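The opening position of the sequence shown corresponds to residue 10 in this note's numbering, with each subsequent residue numbered one higher. The beta carbon of each residue, even a glycine, is placed where N, CA and C say it ideally should be. Only a predicted model underlies this, so the values are computations on that prediction, with no experimental measurement involved. All remarks here apply to the structure that follows.
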Amino acid sequence: MSAIGNIAAAQTAKTIGKYNERLAYEQAAYDRKKAAVQQKVFDTIERPRFVKQQEQAYSNFFVNALRTGAEFREGTTPFLVGVENRSNQMLDLALADYNQKVAFNDQINQSLLLEARGRGERLKGDLTARAEYMKAAGSLLTMGYQSNQQGRLVIT
């Protein structure tokens with residue numbers, strides 16, 4: 010009786026589909042949490058440390074510029090170099106912020122793709138189960154038809 014095997018295969022396919030969906034959802038939730046933690050670490054540790062390093066570098070530049078004895082006022086070379094340094098530092102900080110945001114969004118997008126894959130696994134399990142149920146029904150109908158043709162009332 011292949012019908013019983015088909016029904017068992019259908020139930021197994023549904024169970025596997027549900028398991029794979031749940032697994033994908035758990036992984037996606039983990040990825041979102043990981044992205045949130047990395048964002049928090051960047052905002053509370055890495056970015057302030059980066060800003061502090063920039064301030065220290067500018068302070069060192071400023072002290073060195075004053076040690077040369079050159080005037081540090083608007084329009085002078087040391088002043089213009091200082092403005093250029095500050096401009097570069099602001100650009101570096103903006104790039105660090107941008108890169109962090111892109112990395113965060115990428116992790117969120119990956120988690121969404123993983124959830125979609127989980128929904129696909131569930132659908133695959135359901136479709137496989139449906140096909141197995143149809144095979145079981147076909148098998149039962151064939152056995153019933155053959156029994157009927159042989160004049161029996163009981164399927165053997």
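Check, Outcome
"For residue 160, name the three-state secondary structure that DSSP assigns.", "coil"
"Going straight from the alpha carbon of residue 65 to that of residue 72, what length do you get?", "11 Å"
"With DSSP as the reference, label residue 82 as helix, strand or coil.", "coil"
"Using a Cβ-Cβ cutoff of less than 7 Å, which residues in the same chain neighbour residue 119 once the five nearest sequence positions on both sides are dropped?", "40"
"Taking 8 Å as the cut-off, decide whether the C-beta atoms of residue 59 and residue 94 are in contact.", "no"
"Along the chain, where does the alpha helix (DSSP H) containing residue 40 start, and where does it finish?", "11-50"
"Go ahead and pull the three-state DSSP assignment for residue 77.", "coil"
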